[in-house]
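K.L.:
So that you can map any letter, position 240 of the sequence shown is 237 in this note's numbering, and since no number is skipped, the others follow by simple counting. Where a beta carbon is used, it is the ideal one built from N, C-alpha and C, also for glycine.
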Amino acid sequence: KRVLQILQLPLRRQKRRDTLDEATDVNRRDLFVHCHTFLQFFVRCNRRNQELVYQHISMFMTHVGVRGVDAASTIAAIVNDHSALVGQLRDVDLRVWVSAIAKYGKQARWLKMLQSVVQVKGQVNKRNQNIVLGLLLEQQDLVLEVDGDQEGALSREDIVPTNQLHDTPRRASSFDYSPNRRHSVAHGASDRSGSDKGDRRNIDRSILLREGKCTRMELMMQREQAVGVSSFLVYHATCVELLADCCAGRNSASQA
């Protein structure tokens, strides 16, 4: 009870663009971090405690987006393997997590939160499947990171002439960590007309790399996934898993 009272204190934040907000009171933020950690252990494998803490889930939602405060793991622990609580989540609760990705950037822990509500102990929740998939598709340009969209996934024929295909290394898919990611293959891509498509064969391969740095293959070779929650590769893999979870079972609506 005392822990919940502490978390009801206001936590002022300094808004950031395209990244997590900073708490203005560092000491209070650190106290919140410890409270969230305590609650994650408090509800683990204890359905009664999960049900008690679930009553305050709206309060935990207000902590989303504050750097250092892992509200996602707390909420995931509260509903973990509890089908009744998962079924009580509102559309607006699920929208918070998708919006957080679009606003603050791609972090796998927010996708894992969504994973915990579409399947419970291997049993799918069709309602949540449809809601989550719909929300992901609403903001797919900012949220989904599978293999690039139409602009970011050109075929080899679009990049090099056919007679050079056998002499040109296979390209890597492009990506961008930024939540305001906008796929573009060349400068002025948004103004490109149909008559410009023929010029795509001459595109330099360097523009298909993120800011001219690393391709996905290079990230795998560097074991980039070891960096933790900010890993692009972990986000990419979790994104694919979440989409598969949304289409699991005999849910014809999501599969369509």
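Roughly how many whole angstroms lie between the Cα atoms of His33 and Thr71?
P.N.:
As a position in the sequence shown, residue 33 is number 36, starting the count at 1. As a position in the sequence shown, residue 71 is number 74, starting the count at 1. Cα to Cα, His33 sits roughly 6 angstroms from Thr71.
K.L.:
With three or more beta-carbon pairs closer than 8 angstroms as the criterion, would you say the segment 109 to 125 touches the segment 61 to 80?
P.N.:
Output reads yes: the segment 61 to 80 touches the segment 109 to 125.
K.L.:
Apply the 10 Å Cβ neighbour rule to Gly62 and answer buried if 16 or more other Cβ atoms are within range, or exposed otherwise.
P.N.:
If you number the sequence shown from 1, residue 62 lands on position 65. Its Cβ being crowded by 16 or more others within 10 Å, Gly62 is buried.
K.L.:
Excluding sequence positions up to five away, which residues of its chain have a Cβ less than 7 angstroms from the Cβ of Ala97?
P.N.:
The residue you call residue 97 lines up with position 100 of the sequence shown. Val61, Gly62, Trp107, listed in sequence order.
K.L.:
Would you kindly work out how many angstroms separate the C-alpha atoms of Phe38 and Val30, rounded to a whole number?
P.N.:
Mapped onto the sequence shown, residue 38 falls at position 41. Mapped onto the sequence shown, residue 30 falls at position 33. Cα-Cα distance, rounded: 13 angstroms.
K.L.:
Starting from the C-beta of Leu4, find all residues in its chain whose C-beta is less than 7 angstroms away, skip the five residues before and the five after it, and write them out in chain order.
P.N.:
In the sequence shown, the residue the question calls residue 4 occupies position 7. For Leu4, where only same-chain residues beyond five positions count, the Cβ hits under 7 angstroms are Phe29, Cys32, Met56.
K.L.:
Can you check whether the CB of Gln126 is closer than 8 angstroms to the CB of Cys243?
P.N.:
Counted from its first residue, the sequence shown places residue 243 at position 246. Counted from its first residue, the sequence shown places residue 126 at position 129. Result yes, Cβ atoms of Cys243 and Gln126 sit closer than 8 angstroms.
K.L.:
Quick one: using the 10 Å Cβ neighbour count with 16 as the cut-off for buried, is Leu141 buried or exposed?
P.N.:
Looking up residue 141 in the sequence shown gives position 144. So Leu141 counts as buried.
K.L.:
On the criterion of 16 or more Cβ atoms from any shown chain inside 10 Å, does Ala241 qualify as buried, or is it exposed?
P.N.:
The residue you call residue 241 lines up with position 244 of the sequence shown. Ala241 is exposed by the Cβ-count criterion.
K.L.:
Can you list, in chain order, the residues of its chain whose CB lies under 7 angstroms from that of Leu133, leaving out five sequence neighbours each side?
P.N.:
As a position in the sequence shown, residue 133 is number 136, starting the count at 1. Result list for Leu133: Val95, Val140, Leu141, in chain order.
K.L.:
Among Gln104, Gly119, Arg87, whose alpha-carbon lies nearest the alpha-carbon of Val129?
P.N.:
Translated into the one-based positions of the sequence shown, residue 129 becomes position 132. Measuring from the Cα of Val129, the nearest candidate turns out to be Arg87.
K.L.:
Which residue marks the beginning of the alpha helix (DSSP H) containing Asp90, and which one marks its end?
P.N.:
Position 93 of the sequence shown, counting from 1, holds the residue named residue 90. Per DSSP, Asp90 belongs to the alpha helix (DSSP H) from 88 to 101.
K.L.:
Tell me whether Leu82 is buried or exposed, calling it buried when 16 or more other Cβ atoms sit within 10 Å of its Cβ.
P.N.:
Looking up residue 82 in the sequence shown gives position 85. So Leu82 ends up on the buried side.
K.L.:
Using the C-alpha atoms, what's the distance from Gln136 back to Tyr101?
P.N.:
Mapped onto the sequence shown, residue 101 falls at position 104. Mapped onto the sequence shown, residue 136 falls at position 139. Distance between the alpha carbons of Tyr101 and Gln136 is about 13 angstroms.
K.L.:
Among Thr59, Asp78, Val143, which residue has its Cα nearest to the Cα of Ser113?
P.N.:
Locating residue 113 in the sequence shown gives position 116, counting from the first residue. The option with the nearest alpha carbon to Ser113 is Asp78.
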